[in-house]
Amino acid sequence: MNVKLLITLSLLLFSQILMAEITVKVDREPIVVDESFHLIFESDRKIDAKPDFSSLANLFTVLDTRHRSNTQINNGKINYSQMWIVTLIANKTGTLGIPSIRFDKELTRPLSINVVAGSSTTKGGATDNVFVDVEVNTKTPYVQAQLVYTLRLYRSIVTNNASLSEPEVTGGQAVINKLGEDSSFETQRNGIRYVVIERQYVIFPQSSGPMTIQPIVFQGQTGGAGGFFSFDRFNQPTSIVKRSKSLEINVKPIPDSFTGDTWLPANQLAIEEQWSVDPSKLEQGEATTRTLTLKANGLAASHLPEIKSNLPDALKQYPDQPEFNESNNADGYIGVRRDKMAIIPTEGGDYTLPAIKISWWNTDTDKMEVAELPERHIHIEDSAVPVPLDNVVEQQATTDQAIATESGNNEKNNLAPITLTKEEPVWKWVSLLLLVLWLLTLTLFWRSKRGTSATDTNEEENISRRKQLKEIQQGCKNNDPKQTQQALLDWAKNHRSDDKINNLNALKEYSDDDFKIKLDELNSCLYGSSALQWDGMSFLKTFESQSFDNKKSKVVNGKLEPLYKT
Numbered sequence: 002m003n004v005k006l007l008i009t010l011s012l013l014l015f016s017q018i019l020m021a022e023i024t025v026k027v028d029r030e031p032i033v034v035d036e037s038f039h040l041i042f043e044s045d046r047k048i049d050a051k052p053d054f055s056s057l058a059n060l061f062t063v064l065d066t067r068h069r070s071n072t073q074i075n076n077g078k079i080n081y082s083q084m085w086i087v088t089l090i091a092n093k094t095g096t097l098g099i100p101s102i103r104f105d106k107e108l109t110r111p112l113s114i115n116v117v118a119g120s121s122t123t124k125g126g127a128t129d130n131v132f133v134d135v136e137v138n139t140k141t142p143y144v145q146a147q148l149v150y151t152l153r154l155y156r157s158i159v160t161n162n163a164s165l166s167e168p169e170v171t172g173g174q175a176v177i178n179k180l181g182e183d184s185s186f187e188t189q190r191n192g193i194r195y196v197v198i199e200r201q202y203v204i205f206p207q208s209s210g211p212m213t214i215q216p217i218v219f220q221g222q223t224g225g226a227g228g229f230f231s232f233d234r235f236n237q238p239t240s241i242v243k244r245s246k247s248l249e250i251n252v253k254p255i256p257d258s259f260t261g262d263t264w265l266p267a268n269q270l271a272i273e274e275q276w277s278v279d280p281s282k283l284e285q286g287e288a289t290t291r292t293l294t295l296k297a298n299g300l301a302a303s304h305l306p307e308i309k310s311n312l313p314d315a316l317k318q319y320p321d322q323p324e325f326n327e328s329n330n331a332d333g334y335i336g337v338r339r340d341k342m343a344i345i346p347t348e349g350g351d352y353t354l355p356a357i358k359i360s361w362w363n364t365d366t367d368k369m370e371v372a373e374l375p376e377r378h379i380h381i382e383d384s385a386v387p388v389p390l391d392n393v394v395e396q397q398a399t400t401d402q403a404i405a406t407e408s409g410n411n412e413k414n415n416l417a418p419i420t421l422t423k424e425e426p427v428w429k430w431v432s433l434l435l436l437v438l439w440l441l442t443l444t445l446f447w448r449s450k451r452g453t454s455a456t457d458t459n460e461e462e463n464i465s466r467r468k469q470l471k472e473i474q475q476g477c478k479n480n481d482p483k484q485t486q487q488a489l490l491d492w493a494k495n496h497r498s499d500d501k502i503n504n505l506n507a508l509k510e511y512s513d514d515d516f517k518i519k520l521d522e523l524n525s526c527l528y529g530s531s532a533l534q535w536d537g538m539s540f541l542k543t544f545e546s547q548s549f550d551n552k553k554s555k556v557v558n559g560k561l562e563p564l565y566k567t
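When you read off a place in the sequence shown, starting at 1, and then add 1, the result is the number in my numbering.
Below, the structure is given as structure tokens:
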């Protein structure tokens, strides 16, 4: 028993010695929440292992880790010294514990530090040198309606290596785009002069219900020019972190009183038309280009629907690819969609171009409104002058008179009327017989090839479909929005030949909510006012998970036919 006790005590003592070889300290006290400090580990002997600081992330933000080693030889004796400097930021106040850190087989002693509160991080107090303020134009937006999010960084001191995080939402889904360029100005609060950086974002919530916009985080450094391993609190640069407040948003669903085809929540929406040639001056066969423009304040251009116009059959129309443009102002996005079509009248006459009506929801007045392009009456002139009817009557009367005169002369000479029979040439009958034989041969050949043709057609369609799917996959792997858009539209047109899918917005009608968001992100990259980083593989993953079952899908064997088929 005495031997075992002695061994146990020796092991404990040896463990304490190992732990005591690495000392732990902080560079300054007290520690202020959201301000950086240095946690310093020192050892007087050589340690080859790399320490594991991951346990510090539970209570602190780890900004940086550095290592320094020094070897000296004095009178043949080798002396080692090593130092690890970990730059941390405390995330809360109170007494916080620095856990034991493992250096290979060795552990450091745990350490307790006291973290005190600093100045407010959300409102400019008298002692705030840096703070972040945020606001939104409304806390109760409608689903898919824009939410303008404004952040302002206030600084009364010079900061280096500064950065601001991007806004993120939790509790819901949203498309977030930067709005315009940053602006700067100066202001005073509590007698302190601040330089202010203002940045705006537009947020489009994609689901109704509660949603939280997480705090914006500022990180930077203040202070002077101490040496790399100098811990003089008056000279050493200090890293600081400032956080804005979080914002709670309640996203409202589409109201029951909205009866339009496409949900369009906006501040203002209008439709107008332009003609390359005045339609009231058109002639039969003369072409003109009609441009229909839909402009909405508070909506992305990609969200605007196709402008459909039903023209009389005599006015043939040939639509072009739609154009999308976006701009912005202090109130948010301005989305513009243009649908152009060439119109060629095939017959003269008077025609009525029906009115175009688009229902939308006015987010300012909180009610449904209708943007209308009124009907238009036009007259098309005939391009060819017809033969006068009087000439035809006169020519027929002359012929009748000649026949009557000849008949009368024959009766006077007591002769029977002569009937002239026009003989058909023999070559016409031969030609007719050859035509019948050729048609008969063509019919027999068509019947023999009918089954083979149908099989070949199906195989060609399958090959084409697989090729288009590969092009979509390749565009996503290349992170190429334009390549992916074209491949996706080619695939959709081949898959839905009976439906007119000529833009990504039309494809939404077959998509679930997750893929609608991905389509909006793709449209934002293609037509947005600022460059965005597009994640092609995330888009592809969502695309391949779709069944595209929608009210417009066909019913096959009692089930909706999926749009995505391999």
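Virtual Cβ for every residue (Gly too), placed ideally from N, Cα, C.
Test item: CB-CB of residue i and residue j under 9 Å
i      : j      : result
Ile86  : Arg103 : no
Asp273 : Thr294 : This sequence places Glu at residue 273; Asp is not what is there. For Glu273 and Thr294, yes; Cβs fall inside 9 Å.
Asn326 : Arg339 : yes
Ala372 : Trp361 : yes
Val131 : Tyr334 : no
Leu527 : Gln475 : no
Ile41  : Val25  : yes
Leu283 : Ile357 : no
Asn495 : Glu307 : no
Gln201 : Thr263 : no
Lys296 : Leu265 : no
Thr1   : Gln215 : What the structure shows of the chain is the stretch from 2 to 567, and residue 1 is not part of that stretch, so it cannot be assessed.
Tyr143 : Ile255 : yes
Gln145 : His304 : yes
Leu312 : Ile344 : yes
Residue i, DSSP secondary structure in three states
i      : result
Ala466 : Reading the sequence as shown, one finds Arg at residue 466 and not Ala. Arg466: helix per DSSP, three-state reduction.
Ser548 : coil
Trp439 : helix
Phe219 : strand
Trp492 : helix
Asn479 : coil
Phe540 : helix
Leu508 : helix
Glu136 : strand
Phe54  : coil
Lys106 : coil
Leu434 : helix
Gln487 : helix
Asp183 : strand
Val394 : Because Val394 sits at a pLDDT of 35, beneath the cut-off of 50, its placement in the model cannot be relied upon, and the following sentence gives the value as read from the coordinates. The answer is helix: DSSP assigns Val394 an H, G or I state.
Ser113 : strand
Gln534 : coil
Leu60  : coil
Glu373 : strand
Ser245 : coil
Asp65  : strand
Gln207 : coil
Thr141 : coil
Asp28  : coil
CB-CB length for residue i against residue j, believed under 8 Å
i      : j      : result
Pro100 : Ser56  : 5 Å
Ser209 : Lys140 : Between Lys140 and Ser209 the Cβ distance is about 14 Å, and since that is not below 8 Å, they are no contact.
Trp535 : Glu545 : Actually they do not touch by this definition, with Cβ atoms about 17 Å apart.
Val137 : Leu300 : Incorrect: roughly 17 Å between the Cβ atoms, too far for contact.
Thr62  : Thr160 : Contact doesn't hold; Cβ gap of about 17 Å is too wide.
Asp129 : Tyr81  : Between Tyr81 and Asp129 the Cβ distance is about 45 Å, and since that is not below 8 Å, they are no contact.
Own chain, CB closer than 7 Å to residue i, minus 5 neighbours either side, in chain order
i      : result
Val196 : Arg156, Ser185, Glu187
Leu416 : Unreliable placement is indicated for Leu416, whose pLDDT of 34 sits below 50; no coordinate value is reported for it.
Asp515 : Thr543
Pro482 : Leu523, Cys526, Leu527, Trp535
Asp383 : Gln285, Gly349
Ile177 : Pro168, Tyr202, Ile204
Ser277 : Thr289, Thr290
Thr353 : Glu376, His378
Sequence-distant residues of its chain with Cβ nearer than 8 Å to residue i (five each side left out)
i      : result
Gln189 : Tyr195
Trp492 : Arg466, Gln469, Leu470, Glu472, Ile473
Leu64  : Ser37, Thr88, Leu89, Ile90, Gln220, Ser240
Beta-carbon proximity list for residue i, same chain, < 6 Å, skipping 5 on both sides
i      : result
Ala163 : Gly221
Arg153 : Asp134, Val197, Glu199
Ser281 : Ile379
Lys519 : Phe540, Thr543
Ser70  : Gln83
Worksheet item: Considering only residues of the region 247-328, which uninterrupted alpha helix (DSSP H) runs meet the minimum length of 4 residues and lie entirely inside it, listed in chain order?
Response: With a minimum length of 4 residues, no continuous alpha helix (DSSP H) run stays inside the region 247-328.
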